[in-house]
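Take the sequence shown: its position 174, counted from the start at 1, is 188 in our numbering, and no numbers get skipped. All C-beta atoms, glycine included, are put in the ideal place defined by N, C-alpha and C. Please read all numbers here as calculations on a predicted model, not as lab measurements.
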Amino acid sequence: MIKKFIIISIGLFFIIALFSIILLVINQINSSPLNINTNSDVPMNDKDDTPISYTDNDSITYFQEDLKTYTHPSGKFSYNYPDIWEFVPKREDMGLRPKAYGGFSKNEIVTILYFPDKGSDLKKQAMEYDGAASEEWISVDISSEYETILYKHQSNNLEYYSYWNGNGKDAVKVMFRKFNSYSVDGHTDNSSYLEDFNTILNSFKFI
Numbered sequence: 015m016i017k018k019f020i021i022i023s024i025g026l027f028f029i030i031a032l033f034s035i036i037l038l039v040i041n042q043i044n045s046s047p048l049n050i051n052t053n054s055d056v057p058m059n060d061k062d063d064t065p066i067s068y069t070d071n072d073s074i075t076y077f078q079e080d081l082k083t084y085t086h087p088s089g090k091f092s093y094n095y096p097d098i099w100e101f102v103p104k105r106e107d108m109g110l111r112p113k114a115y116g117g118f119s120k121n122e123i124v125t126i127l128y129f130p131d132k133g134s135d136l137k138k139q140a141m142e143y144d145g146a147a148s149e150e151w152i153s154v155d156i157s158s159e160y161e162t163i164l165y166k167h168q169s170n171n172l173e174y175y176s177y178w179n180g181n182g183k184d185a186v187k188v189m190f191r192k193f194n195s196y197s198v199d200g201h202t203d204n205s206s207y208l209e210d211f212n213t214i215l216n217s218f219k220f221i
């Protein structure tokens, strides 16, 4: 009788132990950081991996204290530029570059030119100055207060964006040299400064 009781007790002990182990394994699985999703209609995570696409008119968001405001001596237009940029010596009213490019007097990568009384036919003025066929000039929606047209030039040695702004009276050319193999100081690829340029372009206004 005692032997039978001992056998039953051992059996119950093993059953209880096995049951405890099963509960422990189930608990471990449920608390594991690995969460297998069996529903194919629900993403494994909520991260959006869609790449950000920048257009020509996108720009970096600068704080106001990181920008300088320039007003042309004519008093006809103004724009902002990042304080990490500067005017090229002897080109103070038209040639801009990153301060990191310093040293040379001919290494501007942004040129801004003023054409008084040349804005009544903006495309004609732009074509006479920059060339390119009429169909290569496209309208760009930057501001409702003035007209903007754009010509993109691209070759093996040179790539630049030539924007012309016109208010019906005056015209202002705003050009960015994105790539220039003829650079005098070795700065050939300026594409990393495109968003800085767009800050300048998008802050432009006639006064």
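- Contact between I123 and K187 does not hold, since the beta-carbon distance rounds to 14 Å and is not under 8 Å.
- Non-local beta-carbon contacts of Y160 in its own chain, meaning distances under 7 Å to residues more than five positions away in sequence, involve N179, G180, N181, F220 in chain order.
- Straight across, the Cα-Cα distance linking M108 with F190 is about 12 Å.
- Taking the Cα positions, D97 is about 36 Å away from S148.
- Take S88, set aside five residues on each side of it, and the residues of its chain with a beta-carbon closer than 8 Å to its own are Y128, P130, in chain order.
- Ranked by how close their Cα comes to the Cα of E100, the residues L172, G116, H86 have G116 in first place.
- The beta carbon of H201 sits closer than 7 Å to those of Y115, N121, all from its chain and outside the five residues before and after it, given in chain order.
- For I214, the enclosing alpha helix (DSSP H) covers residues 208-217.
- A straight-line Cα-Cα distance of about 18 Å links Y196 and S206.
- Annotation for S176: D144, Y165, M189 place their beta carbon closer than 6 Å to its own, counting only its chain and skipping 5 residues before and after.
- Fully enclosed beta strand (DSSP E) runs of no fewer than 3 residues occupy 109-112, 124-129 of the region 100-142, in order along the chain.
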